[in-house]
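Colleague: Mind looking over this structure? Questions follow.
Number of protein chains: 2
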Amino acid sequence: MSSAHRRDAATTRAAILRAGVEAFTRFGFDGVGVREIAQAAGVSAMLVNRYFGSKEGLFAEVVEVSMTDRTVLGGDPATLARDIAATLVRRTSPAADDLSPFLLMLRSAANPRAAEILRENIERHVEAHVHEVAPDTRGTDRAAVALALIAGFWLLRKVIGSSALNETDEKTVEATLTRLFEVLLPGPASRG
Amino acid sequence: MSSAHRRDAATTRAAILRAGVEAFTRFGFDGVGVREIAQAAGVSAMLVNRYFGSKEGLFAEVVEVSMTDRTVLGGDPATLARDIAATLVRRTSPAADDLSPFLLMLRSAANPRAAEILRENIERHVEAHVHEVAPDTRGTDRAAVALALIAGFWLLRKVIGSSALNETDEKTVEATLTRLFEVLLPGPASRG
DNA sequence: TCCACATGTCTACAGTCGTATACTTCGCTC
DNA sequence: GAGCGAAGTATACGACTGTAGACATGTGGA
Numbered sequence: 000m001s002s003a004h005r006r007d008a009a010t011t012r013a014a015i016l017r018a019g020v021e022a023f024t025r026f027g028f029d030g031v032g033v034r035e036i037a038q039a040a041g042v043s044a045m046l047v048n049r050y051f052g053s054k055e056g057l058f059a060e061v062v063e064v065s066m067t068d069r070t071v072l073g074g075d076p077a078t079l080a081r082d083i084a085a086t087l088v089r090r091t092s093p094a095a096d097d098l099s100p101f102l103l104m105l106r107s108a109a110n111p112r113a114a115e116i117l118r119e120n121i122e123r124h125v126e127a128h129v130h131e132v133a134p135d136t137r138g139t140d141r142a143a144v145a146l147a148l149i150a151g152f153w154l155l156r157k158v159i160g161s162s163a164l165n166e167t168d169e170k171t172v173e174a175t176l177t178r179l180f181e182v183l184l185p186g187p188a189s190r191g
Numbered sequence: 000m001s002s003a004h005r006r007d008a009a010t011t012r013a014a015i016l017r018a019g020v021e022a023f024t025r026f027g028f029d030g031v032g033v034r035e036i037a038q039a040a041g042v043s044a045m046l047v048n049r050y051f052g053s054k055e056g057l058f059a060e061v062v063e064v065s066m067t068d069r070t071v072l073g074g075d076p077a078t079l080a081r082d083i084a085a086t087l088v089r090r091t092s093p094a095a096d097d098l099s100p101f102l103l104m105l106r107s108a109a110n111p112r113a114a115e116i117l118r119e120n121i122e123r124h125v126e127a128h129v130h131e132v133a134p135d136t137r138g139t140d141r142a143a144v145a146l147a148l149i150a151g152f153w154l155l156r157k158v159i160g161s162s163a164l165n166e167t168d169e170k171t172v173e174a175t176l177t178r179l180f181e182v183l184l185p186g187p188a189s190r191g
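As given, the protein sequences belong to chains A and B, one line each in that order.
Residues in the first sequence are numbered consecutively from 0, following numbering that gives the first Met the number 0.
Residues in the second sequence are numbered consecutively from 0, following numbering that gives the first Met the number 0.
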């Protein structure tokens, strides 16, 4: 038996990728080593380099998949602000442990090479996706500010662990966030 | 001559601390080594441990001073939202290189020990300072959300380098931010 | 002047990192 | 069933990390 795995390149590659998503999201690019990732995938460390070229190559693909299969934005424009606020508060709750692409970004952005990969993927996936929802010129920068708000909220609540956000009534914070997203999102014809 | 420095413990300690602020803000806790910091201060690496106990000890003091002598918040409540937005946009401009405590936080938060130090200092300095300005219960969580917005904006614009925020007219972004801070800050009697 | 102590440096150690090279083992095909 | 290429492992190397211990040096007081 030993590890009971038949030799299958695609399966092994997928296992490494999945372990990479989890590890990089939890500990950041500099916070985890290839040996640790490989062990979580049940393989030897060198397979990371065989299948992804390098640690940086694996990270690039991790960012790619993490930012692609997002289940975050979208929905009815009428309740969009409320929905985003509710989802954000729920997924950043202290109990929830969530492999959010925002966490991946926040915990890896300190490394310049990782930051460059993140920037390129954000522009290609997230901001492009926003451009579909809000094709007008004004919407672009407002969506970017919304992104900043979401990222900052995730940072303070889950990475730092701010007591001001964790010891307050979630409904209160959610209402505040809803008001902000109403200002930012194109739905309710907010005139500046 | 050699280094032309007289032996002065206080001066040397201050030089290491200053080099630490710069290095940790630019590269984050994990992104810089004690040898590099010591070289920037013009001393040997072991002096860091002599004066601050360890790298982590130096970081704790760096966070302390960086979050103490802030020149960010404050001012006339009537124009507070506009002032904060203007300052934020100006200091995150691509040309400006700024040793902001927000950058220190963003680039070091991935490390759990650094995150703990940051959390403790934020609660002790920033949130306490906010509590003076807005002593009412409702203001606390709104100020925390404002903090999240500022941090996220700094992240996307300066750490990631988002093109959506850097290629947009600064006045447009500044207007958007002003509207958000008007919602968040206690000044204009915003009713929810 | 000279000694004692504070100040600063040198060397070294044990560990981790990413990854290149050489090797072994399995699985499929003829 | 033998061999051949793919899949996976083992070892090692050089660079780097934080920091402990021994050593050197300058400086103020006697």
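Each residue gets a CB set at the ideal place from its N, CA and C atoms; glycine is no exception.
What you are looking at is a predicted structure, and each value in this text was computed from that prediction instead of being measured.
Kindly indicate which residue of Asp7/B, Phe51/B, Ala14/B, Leu57/B has the alpha-carbon position closest to the one of Gly27/B.
Modeller: Residue numbering aside, residue 27/B sits at position 28 when the second sequence is read from its first letter. Of the candidates Asp7/B, Phe51/B, Ala14/B, Leu57/B, the one whose C-alpha sits nearest the C-alpha of Gly27/B is Leu57/B.
Colleague: Against Thr139/A, what residues of chain B qualify as contacts under a CB-to-CB distance less than 8 Å, listed in chain order?
Modeller: Looking up residue 139/A in the first sequence gives position 140. In chain order: Ala163, Thr167.
Colleague: Using a Cβ cut-off of 9 Å, which residues of the segment 84-118 of chain B contact any Cβ in chain A, in chain order?
Modeller: Within the segment 84-118 of chain B, the residues whose Cβ lies closer than 9 Å to some Cβ of chain A are Met104, Leu105, Arg106, Ser107, Ala108, Ala109, Asn110, Pro111, Ala114, Glu115, Leu117, Arg118, listed in chain order.
Colleague: Mind checking if Glu21/B is an interface residue toward chain A, Cβ cutoff 8 Å exclusive?
Modeller: As a working mapping, residue 21/B is identified with position 22 in the second sequence. Answer no: the Cβ-Cβ gap between Glu21/B and chain A never drops below 8 Å.
Colleague: Closer than 8 Å, CB to CB, is Glu126/B near chain A or not?
Modeller: By one-based count along the second sequence, residue 126/B stands at place 127. Yes, contact with chain A.
Colleague: Give me the subset of the segment 140-153 of chain B whose CB atoms are less than 9 Å from a CB atom of chain A, sorted by chain position.
Modeller: Within the segment 140-153 of chain B, the qualifying residues are Asp140, Arg141, Ala142, Ala143, Val144, Leu146, Ala147, Leu148, Ile149, Ala150, Gly151, Phe152, Trp153.
Colleague: Could you give the first and the last residue of the continuous alpha helix (DSSP H) run that contains Val64/B?
Modeller: Residue mapping note: residue 64/B aligns to position 65 of the second sequence, counting from 1. Taken as a continuous stretch (DSSP letters only), the alpha helix (DSSP H) holding Val64/B covers 54-67.
Colleague: Run through chain A and tell me which residues come within less than 9 Å of Gly52/B, C-beta to C-beta.
Modeller: Taking the second sequence and counting its residues from 1, the one referred to as residue 52/B is at position 53. Going along chain A, no residue has its Cβ under 9 Å from Gly52/B, so there is no contact; the nearest lies around 23 Å.
Colleague: What are the start and end residues of each continuous beta strand (DSSP E) run of 3 or more residues lying completely inside the segment 83-142 of chain B, in chain order?
Modeller: Qualifying beta strand (DSSP E) stretches: none in this window.
Colleague: Given this structure, state the Cα-to-Cα distance separating Ala142/A from Arg106/A, to the nearest angstrom.
Modeller: For the purposes of this step, residue 142/A is identified with residue 143 of the first sequence, where counting begins at 1. For the purposes of this step, residue 106/A is identified with residue 107 of the first sequence, where counting begins at 1. Straight-line Cα distance between these residues: approximately 22 Å.
Colleague: Report all residues from its chain with a CB closer than 6 Å to the CB of Glu169/B; omit the five preceding and five following residues, and keep chain order.
Modeller: In the second sequence, residue 169/B corresponds to position 170, counting from 1. Taken in chain order, the residues that qualify are Val88.
Colleague: Comparing C-alpha positions only, which one of Ser43/A, Val31/A, Thr67/A sits nearest to Val125/A?
Modeller: As a working note, residue 125/A is residue 126 in the first sequence. Of Ser43/A, Val31/A, Thr67/A, the residue nearest in Cα terms is Thr67/A.
Colleague: For the alpha helix (DSSP H) containing Leu179/B, name the first residue and the last one.
Modeller: Working through the second sequence from its first residue, we reach residue 179/B at position 180. Counting along the chain, the alpha helix (DSSP H) containing Leu179/B begins and ends at 169-183.
Colleague: At 4 residues or longer, what runs of the alpha helix (DSSP H) sit wholly inside the segment 3-31 of chain B?
Modeller: Fully enclosed alpha helix (DSSP H) runs of 4 or longer: 8-26.
Colleague: What residue range does the alpha helix (DSSP H) around Ile36/A cover?
Modeller: Locating residue 36/A in the first sequence gives position 37, counting from the first residue. Where Ile36/A is concerned, the enclosing alpha helix (DSSP H) stretches over 33-40.
Colleague: Quick check: is the beta carbon of Ala188/B nearer than 8 Å to any beta carbon in chain A?
Modeller: For this step, residue 188/B is matched to residue 189 along the second sequence. Residue placement at Ala188/B is poorly supported in this model, since its pLDDT is 45, which falls under 50; the coordinates still yield a value, given next. Chain A contact via Cβ: absent.
Colleague: Of all Cβ atoms in chain A, is any one closer than 8 Å to the Cβ of Arg25/B?
Modeller: For the purposes of this step, residue 25/B is taken as the residue at position 26 of the second sequence. Not one chain A Cβ lies under 8 Å of Arg25/B.
Colleague: Is the beta carbon of Val144/B less than 8 Å from the beta carbon of Val172/A?
Modeller: Here residue 144/B is taken as the residue at index 145 of the second sequence, counted from 1. Here residue 172/A is taken as the residue at index 173 of the first sequence, counted from 1. Yes, the pair counts as a contact, with Cβ atoms nearer than the cut-off.
Colleague: Just the Cα atoms here: how many angstroms apart are Glu211/A and Thr11/B?
Modeller: Outside the modelled stretch of chain A, which goes from 0 to 191, sits residue 211/A, for which no answer is possible.
Colleague: What's the call for Arg178/B, buried or exposed, on a 16-neighbour Cβ count within 10 Å?
Modeller: Here residue 178/B corresponds to residue number 179 of the second sequence, with the count starting at 1. Under this definition Arg178/B is a buried residue.
Colleague: Please classify Pro111/B as buried or exposed, where buried requires at least 16 other C-beta atoms within 10 Å of its C-beta.
Modeller: Position 112 of the second sequence, counted from the start, is the residue given in the question as residue 111/B. By the neighbour-count rule (16 or more Cβ atoms within 10 Å), Pro111/B is not buried but exposed.
Colleague: Got a sec? Which residues, its chain only, sit under 7 Å from Val33/B by beta carbon, not counting five neighbours each side?
Modeller: For the purposes of this step, residue 33/B is taken as residue 34 along the second sequence, with counting starting at 1. Ala44, Val47, Lys54, listed in sequence order.
Colleague: Considering only the alpha carbon of each residue, which of Trp153/A, Ala22/A, Ile149/A lies closest to Leu184/A?
Modeller: Translated into positions along the first sequence, residue 184/A becomes position 185. Of Trp153/A, Ala22/A, Ile149/A, the residue nearest in Cα terms is Ile149/A.
Colleague: Which chain A residues sit within Cβ distance under 9 Å of Val29/B?
Modeller: Position 30 of the second sequence, counting from 1, holds the residue named residue 29/B. Before going further, note that residue 29/B is Asp rather than Val in the sequence given. Those within 9 Å of Asp29/B in chain A are Gly27, Asp29, Gly30, Ala109, Asn110.
Colleague: Thinking just about the alpha-carbon of each residue, which of Tyr50/B, Leu146/B, Arg6/B is nearest to the one in Ile83/B?
Modeller: Taking the first residue of the second sequence as position 1, residue 83/B is located at position 84. Here the closest residue by C-alpha is Leu146/B.
Colleague: Along chain A, in chain order, which residues have C-beta atoms closer than 7 Å to that of Glu197/B?
Modeller: Any question about residue 197/B goes unanswered here, given that chain B covers just 0 to 191.
Colleague: Mark Ala37/A as exposed unless 16 or more other C-beta atoms lie within 10 angstroms of its C-beta, in which case mark it buried.
Modeller: Here residue 37/A corresponds to residue number 38 of the first sequence, with the count starting at 1. It counts as buried.
Colleague: Of the residues Arg123/A, Ala14/A, Phe180/A, Arg156/A, which one's Cα is nearest the Cα of Tyr50/A?
Modeller: Position 51 of the first sequence, counted from the first residue, corresponds to residue 50/A. Selected option, being the one with the closest Cα: Ala14/A.
Colleague: Which residue wins for smallest C-alpha separation from Val42/A, given the options Thr24/A, Val61/A, Ala59/A, Leu16/A?
Modeller: As a first step, residue 42/A is located in the first sequence; it is residue number 43 there, counting from the start. It is Leu16/A whose Cα lies nearest to the Cα of Val42/A.
Colleague: Could you tell me whether the Cβ atoms of Gly30/A and Gly151/B are closer together than 8 Å?
Modeller: On the first sequence, position 31 is the one that residue 30/A refers to. On the second sequence, position 152 is the one that residue 151/B refers to. No, the Cβ-Cβ distance between Gly30/A and Gly151/B is not below 8 Å.
Colleague: Sort Thr24/B, Ala40/B, Gly19/B by Cα distance to His4/B and report the nearest one.
Modeller: If you number the second sequence from 1, residue 4/B lands on position 5. Among Thr24/B, Ala40/B, Gly19/B, the Cα nearest to that of His4/B belongs to Ala40/B.
Colleague: Can you give me the C-alpha to C-alpha distance between Thr78/B and Ala174/B, rounded to a whole angstrom?
Modeller: Reading the second sequence from its first residue, position 79 is the one you call residue 78/B. Reading the second sequence from its first residue, position 175 is the one you call residue 174/B. Their backbone Cα atoms lie some 13 Å apart in a straight line.
Colleague: If you count every other CB in all the chains shown that lies within 10 Å of the CB of Asp140/A, and 16 or more means buried, which is it?
Modeller: Against the first sequence, residue 140/A aligns to sequence position 141. Buried, because 16 or more other Cβ atoms sit within 10 Å of the Cβ of Asp140/A.
Colleague: How many whole angstroms separate the CB atoms of Ala108/A and Ile121/B, which I take to be in contact at a CB cut-off of 8 Å?
Modeller: Here residue 108/A refers to the residue found at position 109 of the first sequence. Here residue 121/B refers to the residue found at position 122 of the second sequence. With 8 Å as the limit, Ala108/A and Ile121/B do not qualify as a contact, their Cβ atoms being about 18 Å apart.
Colleague: Can you tell me which of the three DSSP states Ser162/B falls into?
Modeller: In the second sequence, residue 162/B corresponds to position 163, counting from 1. If DSSP states are grouped into helix, strand and coil, Ser162/B belongs with the helices.
Colleague: Closer than 9 Å by beta-carbon distance: list the chain B residues that pair up with Glu55/A, in chain order.
Modeller: As a position in the first sequence, residue 55/A is number 56, starting the count at 1. Correct list: empty, because the minimum Cβ distance to chain B is about 15 Å.
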